[in-house]
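A.B. asks: Residue numbers (our numbering), protein chains in the order written: chain A, 594 to 708; chain B, 10 to 121. All C-beta atoms, glycine included, are put in the ideal place defined by N, C-alpha and C. Owing to the predicted nature of the structure, the values given are computational and were not obtained by experimental measurement.
This is how it looks when you write it as structure tokens:
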């Protein structure tokens, strides 16, 4: 079956611009996660959705970052007034129910470069 | 703050030998630990996990060992194969918290 997909695979933007990154989770997965991986680091948790609602957004670095999942499936991570430090690979993952010890399945990521 | 640390950025082993990847953590609340494997241009894929009630979990060529008193875990791959060459991430979580903390990764190269 189809795995987690993310679009675009690469995004180049200029400092100060707005970007949207999209994640399509595995069909039927109710839990969705966003991570950010900077160069030489491991993935860093940003936000977790259970269905349509953000169950935990404690990892969002500041109010320039926002994510939505209006119908409980596709999610969009939105970054306003991008800064060079936002350059990273943004990973999305999904799991079946988001309860307890579930395996999270990752997409290939979107590589964001802010010039 | 780095709650999960992988102090070796890279490791090179010969095919057929054992690969040992190490991970240390600082948060005593962590009670579930995972290893993920990542190939270039792909997302991390789950490899093996261990709960804090165990000290060892084995799956084929992969074994994870947990030493709670030392806050240390390790992944053993034996025998190592060239296809195992990838970046390996250690991750940890606490309770039913889905907020996984990852280490920086170790790049394993298995030479034929």
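Please confirm if residue 691/A has its CB atom under 8 Å from at least one CB of chain B.
C.D. replies: True, the Cβ-Cβ gap to chain B drops below 8 Å.
A.B. asks: Would you mind working out which of 50/B, 71/B, 42/B and 53/B sits nearest residue 63/B, comparing C-alpha positions?
C.D. replies: Comparing Cα-Cα distances from residue 63/B to each of 50/B, 71/B, 42/B and 53/B, the minimum goes to 42/B.
A.B. asks: Establish whether the CB of residue 647/A and some CB of chain B are separated by less than 8 Å.
C.D. replies: By this cut-off, residue 647/A is not an interface position.
A.B. asks: Return the residue from the list 656/A, 597/A and 678/A that minimises the CA-CA distance to residue 620/A.
C.D. replies: Checked all of 656/A, 597/A and 678/A; the closest Cα to residue 620/A is 597/A.
A.B. asks: Quick one: measure Cβ to Cβ for residue 107/B and residue 691/A, integer angstroms, because I've assumed they're closer than 8 Å.
C.D. replies: 6 Å between Cβ atoms; contact.
A.B. asks: Give the secondary structure of residue 33/B by DSSP, where H, G and I count as helix, E and B as strand, and everything else as coil.
C.D. replies: It is a strand residue.
A.B. asks: For residue 615/A, which residues in the same chain have their Cβ closer than 6 Å to its Cβ, ignoring the five residues on either side in sequence?
C.D. replies: Around residue 615/A: 600 and 669.
A.B. asks: From the DSSP output, in three-state form, read off residue 68/B for me.
C.D. replies: Residue state, collapsed to three classes: strand.
A.B. asks: So what's residue 646/A in DSSP terms, helix, strand or just coil?
C.D. replies: Three-state result, residue 646/A: strand.
A.B. asks: So, does the region 36 to 53 of chain B touch the region 14 to 23 of chain B, judging by three or more C-beta pairs under 8 Å?
C.D. replies: The region 36 to 53 of chain B vs the region 14 to 23 of chain B: no contact.
A.B. asks: Apart from the five residues on each side of it in sequence, which residues of its chain come closer than 6 Å, Cβ to Cβ, to residue 59/B?
C.D. replies: Around residue 59/B: 42, 66, 73 and 75.
A.B. asks: Mind listing the chain B neighbours of residue 700/A? Cutoff is C-beta to C-beta under 8 Å, in chain order.
C.D. replies: Ordered by position in chain B, the residues that pass the 8 Å Cβ test against residue 700/A are 52.
A.B. asks: In chain order, what residues of the same chain have a beta carbon less than 6 Å from the beta carbon of residue 32/B, not counting five sequence neighbours either side?
C.D. replies: Cβ neighbours of residue 32/B beyond the five flanking positions: 15, 82, 99 and 112.
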